[in-house]
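**Student:**
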Amino acid sequence: MITYLPHDQIDQLAWDRRLEASGQAWWYAGSTVLNAAAPGWDALVDEASGACMPLMWRRKFGIHYLFQPFLLQHAGPYGPGPDPERAARFLEAVPRHFRYADIMLGAEDVQPPPPWRVEQRHDHVLPLHAGVEDLRAAYSDNHRRSVRKFSRSGLHVEAGVGSTEVIAALEGSEQFRRWRIDAVGRASLHTVLQATERDGTGFGRMVRTADGCLAVGWFVRHLRRIYFLKGVGTAAGRELRTMHALIDHVVEEFAGTGMVLDFAGGHDPQLARFYAGFGACKEVYSRALMNRLPPVVRRLKP
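If you count by the numbering used here, then the sequence shown holds residues -18 to 283, one letter each, in order.
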């Protein structure tokens, strides 16, 4: 039986232990990350199977709704072993006081119960089992040329870049303005990057000149995955292929470790081509939507 737990009833230590026991201890689902990205999150828990799902919610115009926080790719449900019906059961168990939802699920093939519907989304991942030369040999011809072009520029990828510099570069970029991140998303950016810097899992990489940043990225290392959480490059940086070099630097650093570089996205066709150029393969997850609002206010969804 799946039980709904308001935030004040969640034993967060037990939550993290349950994730570890499930074999699906995704970074996105840890209590520290959820507290930073979605303060006050609720949860669905199936004690019998050990499965769980965070419910990240807001309230607007008196309406409670589920949302996907900025930087968090999906929201489970997480549980031990394969279970093709798990996602549908958890969607059906979402309490009715949540009237609207637009969230991401880690599951690929979901048969949603009414009134839910799902759409497929794509992630890209690069296993780092091989040595760096073998990994680079799998790059596309264009990516190999781009890495060589950067190597002739006299620039280098800088390690040890802190969250303050990365946040400033992200928020000051042209791309960030296009993303239209609201105040809650900005707060999530600050708290998540700072939290991962404090616990030692997050690290920044940057390419810059005396005139400023050309490319920047923030990564999170958790268990056997390295998540490329967010990155941007300037027009001048793109000309010098600085983002290619930044990713290549991380590939070189972790080559042969058996870890997986998770690009945390790639549904956009242009991004998909960029990630695939490093030899990354596609993984599928799902977007789940639900609208229980009365017809008269349905167009005024949060």
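Where is the CB? At the ideal position from N, CA and C, for every residue including glycine. All of these numbers come straight from a predicted model, not from anything done at the bench.
#1: For Leu100, which of helix, strand or coil comes out of DSSP?
#2: Output needed for Pro95: all residues of its chain with C-beta closer than 8 Å, excluding positions within five of it in sequence on either side, in chain order.
#3: Please classify Met85 as buried or exposed, where buried requires at least 16 neighbouring CB atoms within 10 angstroms.
#4: Would you kindly work out how many angstroms separate the C-alpha atoms of Tyr9 and Gln101, rounded to a whole number?
#5: Would you call Arg77 buried or exposed, if buried means 16 or more other Cβ atoms sit within 10 Å of its Cβ?
#6: Below 8 Å on the Cβ atoms is my contact criterion, and I expect Leu195 with Gly218 to pass it. Report the Cβ-Cβ distance as a whole number of Å.
#7: Between Val232 and Leu109, how many whole angstroms is the CB-CB distance? I'm expecting something under 8 Å.
#8: Ordered along the chain, which non-local residues of its own chain (more than five positions away) have a Cβ less than 6 Å from that of Gly167?
#9: Classify Met37: buried if its beta carbon has 16 or more other beta carbons within 10 angstroms, exposed otherwise.
#10: So, does the segment 106 to 122 touch the segment 176 to 185, judging by three or more C-beta pairs under 8 Å?
#11: Suppose you measure from the CA of Ala18 to the CA of Leu53; what does that come to, to the nearest Å?
#12: Which residues bound the alpha helix (DSSP H) around Leu72?
#13: In angstroms with no decimal places, state the Cα-to-Cα distance between Asp192 and His225.
#14: Using the three-state DSSP reduction, which class does Asp64 fall into: helix, strand or coil?
#15: In chain order, what residues of the same chain have a beta carbon less than 7 Å from the beta carbon of Asp210, not counting five sequence neighbours either side?
**Tutor:** Quick look at the numbers:
#1: Here residue 100 refers to the residue found at position 119 when the sequence shown is read from its first residue. Correcting the residue identity first, residue 100 is Glu in this sequence and not Leu. Of the three classes helix, strand and coil, the one that applies to Glu100 here is strand, per DSSP.
#2: By one-based count along the sequence shown, residue 95 stands at place 114. Closer than 8 Å at Cβ, skipping near neighbours: no residue.
#3: Within the sequence shown, numbered from 1, the residue matching residue 85 stands at position 104. With 16 or more other Cβ atoms within 10 Å, it is buried.
#4: By 1-based counting over the sequence shown, the position of residue 9 is 28. By 1-based counting over the sequence shown, the position of residue 101 is 120. Going by the C-alpha atoms only, they are around 19 Å apart.
#5: The sequence position of residue 77 within the sequence shown is 96, counting from 1. Exposed, by the Cβ-count rule.
#6: The residue you call residue 195 lines up with position 214 of the sequence shown. The residue you call residue 218 lines up with position 237 of the sequence shown. With a Cβ gap of about 3 Å, Leu195 and Gly218 count as contacting.
#7: Residue 232 sits at position 251 when you count from the first residue of the sequence shown. Residue 109 sits at position 128 when you count from the first residue of the sequence shown. Rounded, the Cβ-Cβ distance is 7 Å, consistent with contact.
#8: Residue 167 sits at position 186 when you count from the first residue of the sequence shown. In the sequence on display, residue 167 carries Arg and not Gly. Cβ neighbours of Arg167 beyond the five flanking positions: none.
#9: Mapped onto the sequence shown, residue 37 falls at position 56. With 16 or more Cβ atoms within 10 Å of its Cβ, Met37 is classed as buried.
#10: Touching, no, given that fewer than three Cβ pairs across the two stretches are closer than 8 Å.
#11: Within the sequence shown, residue 18 is the residue found at index 37, counting from 1. Within the sequence shown, residue 53 is the residue found at index 72, counting from 1. For Ala18 and Leu53, the distance between alpha carbons rounds to 8 Å.
#12: To locate residue 72, count along the sequence shown from 1; it is residue 91. Taken as a continuous stretch (DSSP letters only), the alpha helix (DSSP H) holding Leu72 covers Arg67 to Glu73.
#13: Translated into the one-based positions of the sequence shown, residue 192 becomes position 211. Translated into the one-based positions of the sequence shown, residue 225 becomes position 244. Approximately 20 Å between the Cα atoms of the pair.
#14: Position 83 of the sequence shown, counted from the start, is the residue given in the question as residue 64. Three-state result, Asp64: coil.
#15: Taking the sequence shown and counting its residues from 1, one reaches residue 210 at position 229. Asp is not the amino acid found at residue 210; the sequence shown has Leu there. Answer for Leu210: Leu52, Trp199, Phe200, Val201 and Ala245, listed in chain order.
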